[in-house]
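Enquirer: Handing you this structure, nothing more for now.
Chains as they are written, first to last, in UniProt numbering: chain A, 1 to 357; chain B, 1 to 357; chain C, 1 to 287.
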């Protein structure tokens, strides 16, 4: 087990000497605490897979260092780093039994069979593979194969880090939730540092204590699931997490007051006079129909069962709100109220007064 | 008069894929086929399209018997879960392909392709190849190809399943607007109840090759005719428990004894199946009348704004769904509050007798 | 699957049926016909039953040819399959060199068979041939027209040169289809190169190697043109393989009956071995 530090890390697939190139990962400083359960969450193309490959040692970063505890591993190969990885598509050694698959990393490291047997038995128990140990790995279902991949990682007593790269992609929908929560449970028991890379918010938030949200090659927020939902540090986080995502509206600041369409709006963060593009962020959960407030018209009502998603339009901008099942919905011209504690100002995408870049 | 299945069945070898089915689709809005994988959604669609011939029964379309008329001779378009485009054509040619086959002249092709590409926001990408597009854009291209030929019947087979979460949300919002007012009958297959609800229209709940219920989506959700239909329309899975009604008490195995909620009180004494959707079982008490349930916690899942907790009752596994992030340790004992007033009651063989609105 | 029922579809397969009839069925039936009759070349035939078969199966000449054939096929399989796999393993898997390698590898396959025979024939000439002359000048007594060992070595070298590429291309196709994740996982598991070969590459190549072995078996078992051009079956009958023997019997001596019986036996051997081999491979696949 180890604490993992990424120091001034950056990566491009082009030649940086050419000057203005596209960076897959822009400047990044990050620390993953020893024994934590982390998720790396972002849309496709945000750089999360590049970062994953840098940490596992399959890719050497253009710039910066990776430390495992205090040891610089930047130039080390994956096997020298002692890490494990579960890939998107299950990787098992088809010709071997499940037992031999799990024992494989230990045999490669020259461990005696007498030591291997109890170790494999223990990990098989943990990953619920005990009944299948004698079967050929090729005959297992996709979720079984992913368990084998995981077991091959966990079986090594000295493994520093286990990484998951969208591990549930090929799992049947009705088995996904079982495996999802099993992984978290497993982490609680083994306490190895684990990093789970995904574009799926439910997978990330279910698994991790700390979620790192990436967009366009940079980290936009690191936080607990509650923080990501309640205090998005960037409009992207507000949009990406939660369904539907946060309403983002153009705003102005005048005399220390935030204005939407010329109308003052009470916000939770400091209203400093600011350069750049200023926006107002409020989640649909915190918008209500009110006797007075922002004038709007209801344009669409979508029934989501236990609540409804209401689309409204106010001064040419769309504002969504959620209304519980059974509550009345006014028609025609309405007024919207924003919960002051949950309304925030953003400048150039970043929360004003927040941690920032 | 729309598409009509008259006593249609499909048997392959000894396996019944579709049991005899009568179904008349709606002209307006979406006709959603909701069910798990292998419920028969794809087979049903292929029967509608003419890609498969029913073993028995007739398919009628707009007052004409089209049983056995091959798909080439019908004006049908289809969009699949996989993004299917011609890899060597650019987006324009991909969209234009059905018109070229139909021998439409060049000028008209151009104007129709442009109209559709505007609608689907593909105009800036018309010169790109599919491999240079994101998943969302690829699926938009496939949709554009389906729309451009003004088909009478548009079949969408889980078109959003392979998209990232946020793209799925976006396209799901757009789809009803894109397809309304085109004079085509729309059939949409999905495994996700929330998708069905938000798309609205009418829903056919499918299980094991049978249409269990067909009606307006909200009605099927709120007034399921049978337990199977209620279960199909519940994600997370609906909670069920076998109870005996005796006077003003509901007795369940394992010594559970609950006061009978008002809406169910008028049912005759006897054995029933009680079903309660997960959002009616909360982690916090919301009403005085809520019934507390305690059980061992099996799984905790967290999406952006909701927590889903699976726990054990003496004979059943139940699910609670609450707003906000609540992390309950797996293996601990949790207390949950059920609003039994929202429960539905079914006969032991699954016909609804009480509850539901 | 999605079938449209229409009986006119049968018309579409008619050309294939006709082609197979002319190509395979009619000649085969003719051979069967010859194999059970006696003729003296004047187009009069007499029923002879299984006489020819008995004669062929007891004939030491047939035994000799069959033995040489088995030896030839066995040897080239033992050389070409491992060599092909080894070459495929060393080929680059991406970059500009891929196409260069592939073209180089495909070259021998593009040369007509009789030309291959002629090329080696000239190259191996002891006095003026590049190969023959070099070997002799190195003090190795090499003359494929006089010494059976030299003839065999040349024959096998020629076949290896001509056909290893096929194995390489098939094995290469198998190798490039292995997802990168497998190699990454193996690295992470600390697998040595041998283990990567044994547990990833070999199992993933199994399918194509099955095909390679099958193709090479059938092809080499029926080889005619190249050895016929190179050695003509000599010196003596030392390199007379089954097909050469058959042609000598049929066309050289015009013994149509025994020749027909030999070819049927020959045909049955190829068929039986291929079938057994295929079934065995498929069975291990399933288990």
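The beta-carbon is built from N, C-alpha and C at its ideal position, and this holds for glycine as well. Note that this is a predicted model, so its numbers are computed, not measured.
1) Helix, strand or coil: how does DSSP classify residue 1 of chain C here?
2) Please list the terminal residues of the continuous beta strand (DSSP E) segment that includes residue 281 of chain A.
3) Does any C-beta atom of chain C lie closer than 8 Å to the C-beta of residue 60 of chain A?
4) For residue 223 of chain C and residue 19 of chain C, what's the separation of their Cα atoms in angstroms?
5) To the nearest angstrom, how far is the alpha carbon of residue 180 of chain A from that of residue 103 of chain B?
6) Determine the extent of the alpha helix (DSSP H) in which residue 202 of chain A is found, giving its start and end residues.
7) What separation, rounded to the nearest whole angstrom, lies between the Cα atoms of residue 30 of chain C and residue 267 of chain C?
8) Rounded to whole angstroms, what is the Cα-Cα separation between residue 259 of chain C and residue 246 of chain C?
9) Can you give the Cα-Cα distance for residue 205 of chain A and residue 81 of chain C, rounded to whole angstroms?
10) Give a yes or no on whether 8 Å exceeds the smallest Cβ distance from residue 23 of chain B to chain A.
11) Quick one: what's got a C-beta closer than 7 Å to residue 190 of chain B's C-beta in the same chain, skipping five residues either side?
12) How many angstroms separate the CA atom of residue 354 of chain A from the CA atom of residue 99 of chain B?
13) For residue 318 of chain A, does the three-state DSSP call read helix, strand or coil?
14) Here's the rule I'm using: 16 or more other beta-carbon atoms within 10 Å means buried, otherwise exposed. How should residue 275 of chain C be labelled?
15) Which chain A residues are close to residue 208 of chain B, counting only those with a beta carbon under 9 Å from its beta carbon?
16) Nearest-angstrom Cα distance between residue 45 of chain C and residue 263 of chain C?
17) Using DSSP bridges, identify the partner residues of residue 85 of chain A.
18) In this structure, how does DSSP classify residue 140 of chain C when only helix, strand and coil are distinguished?
19) If we define contact as Cβ-Cβ less than 8 Å, is residue 274 of chain B a contact residue for chain A?
20) Could you please tell me which residues of the segment 190–214 of chain A, in chain order, have their CB closer than 7 Å to any CB of chain B?
21) Listing by chain order, which chain E residues have their CB less than 8 Å from the CB of residue 178 of chain C?
22) May I ask you to verify whether the segment 17–27 of chain B touches the segment 2–9 of chain B, counting CB pairs closer than 8 Å and requiring at least 3?
23) Under a CB-based cut-off of 8 Å, is residue 363 of chain A close to chain B?
24) What are the boundary residues of the beta strand (DSSP E) that includes residue 25 of chain A?
25) I'd like the ranges of any alpha helix (DSSP H) spanning at least 4 consecutive residues and lying wholly in the segment 207–231 of chain C.
26) In or out: residue 329 of chain A buried (at least 16 other Cβ within 10 Å) or exposed?
27) Considering only their Cβ atoms, is the gap separating residue 284 of chain A from residue 225 of chain A smaller than 8 Å?
28) Please name the residue or residues paired with residue 7 of chain A in a DSSP beta bridge.
29) According to DSSP, what are the bridge partners of residue 272 of chain B?
30) Between residue 194 of chain B and chain A, is there a C-beta pair that is closer than 8 Å?
31) Is it buried or exposed, residue 212 of chain C, if we count other Cβ atoms within 10 angstroms and call 16 or more buried?
32) Who are the neighbours of residue 278 of chain C on chain A, taking C-beta pairs under 9 Å?
33) Just to confirm my understanding: we take residue 66 of chain C, look at its own chain, exclude 5 residues before and 5 after, and list those with CB closer than 7 Å. What are they?
34) By DSSP, does residue 337 of chain A sit in helix, in strand, or in coil?
35) At least one CB of chain A closer than 8 Å to the CB of residue 166 of chain B: is that the case?
36) What are the boundary residues of the alpha helix (DSSP H) that residue 102 of chain C is part of?
Expert: Looking at the coordinates:
1) Confidence at residue 1 of chain C is low in this model, with a pLDDT of 42, below 50, so its placement is unreliable and no value can be given for it.
2) 278–282
3) no
4) 24 Å
5) 51 Å
6) 201–207
7) 14 Å
8) 6 Å
9) 52 Å
10) no
11) 32, 34, 158, 196
12) 54 Å
13) strand
14) exposed
15) Per Cβ cutoff of 9 Å: no residues; residue 208 of chain B is ~14 Å from chain A at best.
16) 19 Å
17) A/163
18) coil
19) no
20) 199, 200, 201, 202, 205, 206
21) In the structure shown, chain E does not exist; the protein chains are A, B and C.
22) yes
23) Outside the displayed range of chain A (1 to 357) lies residue 363 of chain A, so it cannot be described from this structure.
24) 25–32
25) 225–230
26) exposed
27) no
28) A/65
29) B/243
30) yes
31) buried
32) By Cβ distance, chain A contributes nothing, its closest Cβ being about 20 Å from residue 278 of chain C, past 9 Å.
33) 242
34) strand
35) yes
36) 97–110
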